[in-house]
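Undergrad: A single structure is presented below for examination.
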Amino acid sequence: MSEPILQIRGVTKRYGGLTANKDISFDVRPGEILSVIGPNGAGKSTLFKQIAGFVTPTSGEVLFKGSRISGIAPHKVARLGVVRTFQETTIFRSMTVRENVIVSHHLRSKASLWGFFLGSAQARSDEADFARSADDIIDFLGLQAIRNELASNLPQGHLRALGMAIGLATHPQVILLDEPFAGMNHDETMRMVGLVRRLRDERGVTVLLVEHDMPAVMKISDRIVCINFGEKIAEGSPAEIQANPRVIEAYLGSEDAAIGM
Amino acid sequence: MTPSRLLGVGAFLLGVFVLVPLLIVLTGRWDFYYTLTSVALLSVGAAGVWLTFYIGRINIGQGAYALVGGYVSAILVTQAGFSFWATLPMAGLFSAAVSVAIGLPILRLRGVYFAMVTLVLTEVARLTALALPVTNGAKGITSIPLPGELSIFGLTVIPDFASLGNPKLAFYLMAAVLMVLTYLVLWRIVNSRLGHLCRSLQQNEELSASIGVNTAMLRVLAYAISSFFGGLAGAMFVAISQSIYPSSFVVTDSVNFMLYCFLGGLGYVFGPMLGTLLLYFGWDLLSVAREYQLLIYSGAMIALMLVLPNGVLSLLEKKGGGK
Ligand SMILES: Nc1ncnc2c1ncn2[C@@H]1O[C@H](COP(=O)(O)OP(=O)(O)OP(=O)(O)O)[C@@H](O)[C@H]1O
Ligand SMILES: [Mg+2]
Chain A
1 MSEPILQIRG
11 VTKRYGGLTA
21 NKDISFDVRP
31 GEILSVIGPN
41 GAGKSTLFKQ
51 IAGFVTPTSG
61 EVLFKGSRIS
71 GIAPHKVARL
81 GVVRTFQETT
91 IFRSMTVREN
101 VIVSHHLRSK
111 ASLWGFFLGS
121 AQARSDEADF
131 ARSADDIIDF
141 LGLQAIRNEL
151 ASNLPQGHLR
161 ALGMAIGLAT
171 HPQVILLDEP
181 FAGMNHDETM
191 RMVGLVRRLR
201 DERGVTVLLV
211 EHDMPAVMKI
221 SDRIVCINFG
231 EKIAEGSPAE
241 IQANPRVIEA
251 YLGSEDAAIG
261 M
Chain B
262 MTPSRLLGVG
272 AFLLGVFVLV
282 PLLIVLTGRW
292 DFYYTLTSVA
302 LLSVGAAGVW
312 LTFYIGRINI
322 GQGAYALVGG
332 YVSAILVTQA
342 GFSFWATLPM
352 AGLFSAAVSV
362 AIGLPILRLR
372 GVYFAMVTLV
382 LTEVARLTAL
392 ALPVTNGAKG
402 ITSIPLPGEL
412 SIFGLTVIPD
422 FASLGNPKLA
432 FYLMAAVLMV
442 LTYLVLWRIV
452 NSRLGHLCRS
462 LQQNEELSAS
472 IGVNTAMLRV
482 LAYAISSFFG
492 GLAGAMFVAI
502 SQSIYPSSFV
512 VTDSVNFMLY
522 CFLGGLGYVF
532 GPMLGTLLLY
542 FGWDLLSVAR
552 EYQLLIYSGA
562 MIALMLVLPN
572 GVLSLLEKKG
582 GGK
């Protein structure tokens with residue numbers, strides 16, 4: 001088995017008296033699709049924020065290819081190749097879809113800020129590369145028809161796809177998708193499931209996702225980690241998770257949609 | 262550049278450098294030189310404020326940096342014997358350096374919190390100027406010599422202002438050149454990747470960080486450029502008035518810089534320039550209304566903001582014109 005690409009080691013996050021994450025540990029293998037599930041408020045987003053550098057763990061650490069990435073600035077984590085998309089539909093509202101994706105190529109620019117200001121040859125070739133790559137990503141996600149639409153005018157389903165396009169533009173090695181299927185109908189969800197698969201198969205991206213849509217999670221995941229009240233209660237294949245009594249209990253004990261198909 | 266844009270820029274330059282002086286000669290209204298010089302310099306300061314707006318921060322502290330720039334130039338000219346021309350970039354750079362030190366902690370604040378802190382800055386600058394020995398307290402620095410000759414390789418680029426028959430025209434031209442250069446830089450920033458990154462910051466800082474933008478650095482950079490413009494404007498004002506006092510730039514000036522941006526339009530690079538022209542001239546023209554001057558002025562401001570919340574330049578957009 002190959003070395004894990006991401007290691008979550010005893011991550012704990014306390015907000016005053018509330019423990020949002022308690023001693024969570026698991027590994028992510030390169031090229032796998034791993035889902036983190038759990039009832040509302042279980043601490044899934046908090047975990048993602050700590051992996052991407054937006055929140056510093058109270059204790060514990062996150063390793064990416066063996067070196068620590070927890071506690072460093074989010075733009076540096078992104079630069080290393082670990083990029084998070086947001087649970088809320090977070091996009092640049094007053095830019096068009098294409099502008100959103102182009103600007104998100106920032107990490108890949110070779111020219112300096114001076115170069116951009118003066119319009120150096122490198123800056124111009126960067127811009128041309130970004131535009132080309134943005135069009136690729138737009139085609140990949142099937143967003144051609146709304147390419148020049150202002151982001152603030154898009155419906156939920158398209159916003160999610162745009163959020164993913166923004167994440168892809170950074171050319172991540174690991175992408176953290178926080179509820180990528182929220183607000184989508186069944187057909188849209190199944191299309192996105194296919195896209196996430198292709199993301200891994202064609203682009204070699206390791207995918208971590210948080211999702212409440214259980215049928216989609218079961219369909220897409222190689223492995224699943226289940227969190228309840230901040231603690232990891234189970235880890236395993238979709239079949240193992242579905243049969244796990246602690247997981248079933250966690251879901252039955254909450255208002256959340258029941259697990260299963 | 263498209264031909265129509267080129268034409269627009271040409272017409273603008275022709276207006277500023279040829280038509281305005283011509284009209285003033287024909288009408289004999291020499292006092293307009295002073296007004297227009299002020300408009301040009303204030304719009305340089307406003308350009309900076311606009312850039313801070315562009316990264317999503319309300320900046321009501323430009324007066325502080327104008328004051329800092331003014332004092333740097335005045336002190337270097339009177340006490341260290343520098344040529345004014347050398348002190349001009351130094352004033353800008355000093356203001357920028359001060360703004361980096363101040364910006365690092367305060368740029369983390371957003372919205373009204375940042376605005377309040379910047380509002381206080383102008384007052385802090387005034388009190389500092391009152392207290393420091395080098396600024397000469399309330400007496401200020403007076404009798405500052407006019408800008409001397411600027412020559413490069415023995416070639417006179419700008420003649421000694423004291424030897425000129427018409428320094429008013431010279432000051433106007435100098436301010437207009439500075440304004441044109443400032444807006445050229447601003448236009449370039451906004452239309453390069455730097456500007457796109459600033460926009461991403463304005464719209465969503467968290468997302469900007471997650472696509473790898475060093476948001477803290479970019480904020481400080483934009484603020485430093487903004488303050489650089491403020492420092493330049495301040496130094497030029499001091500050269501013209503040949504004096505500076507702690508009250509040369511006060512909170513009202515800081516607020517005005519912000520209003521110029523609002524009125525002209527936050528979405529348009531040339532918004533602050535137009536806003537400055539309209540507001541400054543409007544105020545001047547309204548002086549015929551005497552005691553009702555402020556009332557009419559404020560009323561007109563409120564009406565304009567209600568009718569054109571995106572600034573005067575948004576009129577262009579309705580007709581289908583570009584930026
Ligand atoms: N900044 C914060 N300050 C205080 N408490 C917080 C903060 N962020 C999260 N929490 C708390 O931590 C707990 C876990 O929140 P988190 O957002 O990680 O849950 P989640 O599993 O993503 O839930 P959901 O499925 O609803 O998105 C919640 O009780 C939440 O109120
Ligand atoms: Mg969440």
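Protein chains in written order, with this note's numbering: chain A, 1 to 261; chain B, 262 to 584.
For glycine and all other residues, C-beta sits at the position ideal for the given N, C-alpha and C.
Treat the numbers as computed from the prediction; the structure is a model and nothing was measured.
Quick one: is V82 of chain A buried, meaning 16 or more other Cβ sit within 10 Å of its Cβ, or exposed?
TA: buried
Undergrad: Between the region 436-451 of chain B and chain A, which residues of the former have a C-beta closer than 8 Å to a C-beta of the latter?
TA: R449, I450
Undergrad: Could you round the C-beta distance between L458 of chain B and L479 of chain B to whole angstroms and report it? I think they count as a contact, below 8 Å.
TA: Going by Cβ atoms, the distance from L458 of chain B to L479 of chain B rounds to 6 Å, so yes, they are a contact pair.
Undergrad: Whole angstroms is fine: what's the gap from F345 of chain B's alpha carbon to P420 of chain B's?
TA: 12 Å
Undergrad: Taking Cβ-Cβ distances shorter than 9 Å, what residues in chain A pair up with I472 of chain B?
TA: Residues of chain A passing the Cβ test: H75, A78, V83, V103, S104, H105, H106, L107, I166, G167, A169, T170.
Undergrad: At a Cβ cut of 8 Å, what residues of the region 120-154 of chain A count as close to chain B, listed as they run along the chain?
TA: A123, D126, E127
Undergrad: In angstroms, rounded to a whole number, what distance separates the CA positions of A564 of chain B and I557 of chain B?
TA: 10 Å
Undergrad: Given that S453 of chain B touches chain A, what residues does it touch there, using C-beta distances under 8 Å?
TA: F116, F117, G119, A123
Undergrad: Give me the residue from A:G53, A:I37, A:A216 with the minimum Cα distance to E467 of chain B.
TA: A:G53
Undergrad: Please determine, among B:V300, B:M562, B:Q503, the residue with the shortest C-alpha to C-alpha distance to L407 of chain B.
TA: B:Q503
Undergrad: Anything in chain B within Cβ reach of T90 of chain A, meaning under 8 Å, just list it in chain order.
TA: N465, E467, L468
Undergrad: Any chance the CB of K44 of chain A is under 8 Å from a heavy atom of ligand 3?
TA: With respect to ligand 3, the structure offers nothing, as its ligand set consists of ligand 1 and ligand 2.
Undergrad: Which first and last residues belong to the alpha helix (DSSP H) in which D127 of chain A is found?
TA: Checking the displayed sequence, the identity of residue 127 of chain A turns out to be Glu instead of Asp. Segment 121-140, the alpha helix (DSSP H) holding E127 of chain A.
Undergrad: Going by beta carbon distance, what residues of the same chain come within less than 6 Å of T19 of chain A, once the five residues before and after it are set aside?
TA: G230
Undergrad: Out of curiosity, what's the CA-to-CA distance linking L567 of chain B and L520 of chain B?
TA: The alpha-carbon separation between L567 of chain B and L520 of chain B amounts to approximately 14 Å.
Undergrad: Round the Cβ separation of I137 of chain A and V196 of chain A to the nearest angstrom and send it over; I've been treating them as touching at under 8 Å.
TA: In fact, because the Cβ distance is near 14 Å, the residues do not count as touching under 8 Å.
Undergrad: I'd like the list of long-range same chain contacts for N244 of chain A, defined as Cβ closer than 6 Å, with 5 residues on each side in sequence excluded.
TA: A234
Undergrad: Any idea if V279 of chain B is buried or exposed, counting beta-carbon neighbours within 10 angstroms, 16 or more meaning buried?
TA: V279 of chain B counts as exposed, since fewer than 16 other beta carbons sit within 10 angstroms of its beta carbon.
Undergrad: Is it buried or exposed for V56 of chain A, if we count other Cβ within 10 angstroms and need 16 for buried?
TA: Per the sequence presented here, residue 56 of chain A reads as Thr, with Val not at that position. So T56 of chain A ends up on the exposed side.
Undergrad: Mind checking whether the beta-carbon of V451 of chain B lies closer than 8 Å to any heavy atom of ligand 2?
TA: no
Undergrad: Can you give me the start and stop residues for the beta strand (DSSP E) that G364 of chain B sits inside?
TA: Taken as a continuous stretch (DSSP letters only), G364 of chain B belongs to no beta strand (DSSP E), being part of the alpha helix (DSSP H) at 345-367.
Undergrad: Under 8 Å between beta-carbons, which chain B residues line up against F86 of chain A? List them in chain order, please.
TA: E467, L468, S471
Undergrad: What is the DSSP secondary structure of Y15 of chain A, counted as helix, strand or coil?
TA: Residue state, collapsed to three classes: strand.
Undergrad: Would you mind stating whether P530 of chain B and W448 of chain B have Cβ atoms separated by less than 9 Å?
TA: The sequence given here places Val at residue 530 of chain B; Pro does not occur at that position. Cβ distance < 9 Å, so V530 of chain B and W448 of chain B count as in contact.
Undergrad: Whole angstroms are fine: how far does the CA of W544 of chain B sit from the CA of L267 of chain B?
TA: 32 Å
Undergrad: Short of 8 Å in beta carbon distance, which residues of its chain neighbour Q554 of chain B, apart from the five on each side in sequence? Order them along the chain.
TA: W544, L547, S548
Undergrad: Would you verify that the beta carbon of L458 of chain B is, or is not, closer than 9 Å to some beta carbon of chain A?
TA: yes
Undergrad: Can the beta-carbon of P155 of chain A be found less than 9 Å from the beta-carbon of T85 of chain A?
TA: No, the Cβ-Cβ distance between P155 of chain A and T85 of chain A is not below 9 Å.
Undergrad: Could you give the distance in angstroms between the alpha-carbon of Y15 of chain A and the alpha-carbon of I5 of chain A?
TA: 28 Å
Undergrad: Check whether the Cβ atoms of L380 of chain B and V481 of chain B lie closer than 9 Å to each other.
TA: no
Undergrad: Quick one: is the Cβ of I402 of chain B within less than 8 Å of any heavy atom of ligand 1?
TA: No, since every heavy atom of ligand 1 falls outside the 8 Å radius drawn around the Cβ of I402 of chain B.
Undergrad: Please determine whether the Cβ atom of P264 of chain B lies at a distance below 8 Å from any heavy atom of ligand 1.
TA: no
Undergrad: Using a Cβ-based criterion (distance less than 8 Å to any ligand heavy atom), does Y251 of chain A qualify as near ligand 1?
TA: no
Undergrad: Tell me where the alpha helix (DSSP H) around D545 of chain B begins and ends.
TA: 532-546
Undergrad: Residues in the same chain with beta-carbon distance under 7 Å from Q323 of chain B, minus the five sequence neighbours each way, listed in chain order, please.
TA: Listed in chain order, the non-local C-beta contacts of Q323 of chain B below 7 Å within the same chain comprise G306, G309, V310, G491, S515, F518, local neighbours out to five positions each way being set aside.
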